[in-house]
Amino acid sequence: MVSLTELLQRRLSTVHYNPDGHVPDSLVRELVEYATLAPSSLNLQHWRFIAVTATADKQRLQAIAFNQAQVGDAAVTLIVLGDMQAHTRAPEIMHQTVQAGIFSPETAATWIAFAKQLYEERPAFRREEAIRSASMAAMTLMLVAQAKGLATGPMIGFDEPALRQAFAIADRYVPVLLLTIGQPRAGNWPRKPRLPIDEVLEFYGVGAPAGSFPQRN
Ligand SMILES: Cc1cc2nc3c(=O)[nH]c(=O)nc-3n(C[C@H](O)[C@H](O)[C@H](O)COP(=O)(O)O)c2cc1C
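Numbers 1 to 217, taken from our numbering, label the letters of the sequence shown in order.
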């Protein structure tokens, strides 16, 4: 069994897929089930996924993704969406949490009220939350796919209005990412270098002046 840290080391953003690769629908379902174990604000689970698997649909999607070949070659591309009306599901979600014996009815009522207060009048924040939560699910999915020997690639290179029209995406959903999944072929870059840890991490106030990484202040 490969450790999580090893999976993190192995994962890379795949561009070249074997066009003959296949990922059964049952495996797509399993990957998405694991992805939904990701956390989300108030457990509102903003993520939604459209699995594009048929050749003709992949070709349409590839054209919308500025003709990036990986969309046509990958076995499946997920259109990852975020629900900007997720707060309206709060009563139902909190009821489930009561049924599961986790929340008391009083706690559920508090969370429902909080969801209303936090989101109802704040459309920009709702969009941010939808993107945040769906991104958590997308990252989770990439790691589970990696654990199952599959390659993945996140993509923001697509024409949003064209995507909405071609795949009938309602206004309440923000397209967050395309996520290609499949069997890789030769020619992918290795995972690229990252910035040094000291450029991205500061232990606040411990041994270093606040704002020790560039441009923080
Ligand atoms: C939000 C986001 C959008 C991306 N969009 C694209 C894309 O449209 N096309 C593409 O080939 N790669 C895309 N990538 C992949 C990045 O280029 C890649 O993750 C980065 O170069 C680091 O590569 P590595 O993870 O393999 O080291 C995207 C990655 C993220 C996180």
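Just so you know, even glycine gets a beta-carbon here, dropped at the ideal spot from N, CA and C.
Own chain residues within Cβ distance below 6 Å of residue i, not counting five before or after
i       : result
Ser-13  : Gly-153
Ala-115 : Leu-42, His-87 and Ala-90
Thr-140 : Ala-35 and Ala-38
Sequence-distant residues of its chain with Cβ nearer than 7 Å to residue i (five each side left out)
i      : result
Arg-48 : Leu-81, Asp-83 and Tyr-173
Arg-10 : Gln-146
Gln-85 : Arg-172
Closer than 6 Å: residue i CB and nearest ligand 1 heavy atom
i       : result
Met-155 : yes
Lys-192 : yes
Ser-26  : no
Val-15  : yes
Leu-81  : no
Leu-12  : yes
First and last residue of the uninterrupted beta strand (DSSP E) at residue i
i       : result
Phe-49  : 47–52
Asp-159 : First-last for Asp-159: undefined, no H or E at that position.
Ala-151 : 151–155
Ile-220 : There is simply no residue 220 to check, as the chain begins at 1 and stops at 217 in what is shown.
Asp-20  : Counting along the chain, Asp-20 falls outside any beta strand (DSSP E), and DSSP gives it neither H nor E.
Host alpha helix (DSSP H) of residue i (start-end)
i       : result
Ile-102 : No alpha helix (DSSP H) contains Ile-102, which DSSP labels as neither H nor E.
Thr-230 : In the structure as shown, the chain starts at 1 and stops at 217, and residue 230 therefore has no counterpart that could be examined.
Asp-198 : 197–200
Thr-140 : 123–147
Thr-77  : Per DSSP, Thr-77 belongs to no alpha helix (DSSP H); it is in the beta strand (DSSP E), 76–83.
Chain-order list of residues whose beta-carbon lies under 8 Å from that of residue i (same chain, five-residue window excluded)
i       : result
Ser-104 : Val-98
Leu-143 : Leu-4, Leu-7, Leu-8 and Arg-11
- Item | Contact between the segment 135–151 and the segment 175–189 (3+ Cβ pairs under 8 Å) | With a cut-off of 8 Å, the segment 175–189 and the segment 135–151 count as touching, because enough Cβ pairs lie within range.
- Please confirm if the segment 194–201 is in contact with the segment 17–28, defined as three or more CB-CB distances below 8 Å between the two stretches. The segment 194–201 vs the segment 17–28: no contact.
- Task: Would you check if the segment 129–143 and the segment 65–81 touch, i.e. whether three or more CB-CB distances between them fall below 8 Å?
- Result: Counting C-beta pairs closer than 8 Å gives three or more between the segment 65–81 and the segment 129–143, which meets the contact rule.
- Task: Assess, as a yes-or-no matter, whether the segment 54–65 is touched by the segment 154–161 under the definition of 3 or more beta carbon pairs within less than 8 Å.
- Result: Touching, per the Cβ criterion.
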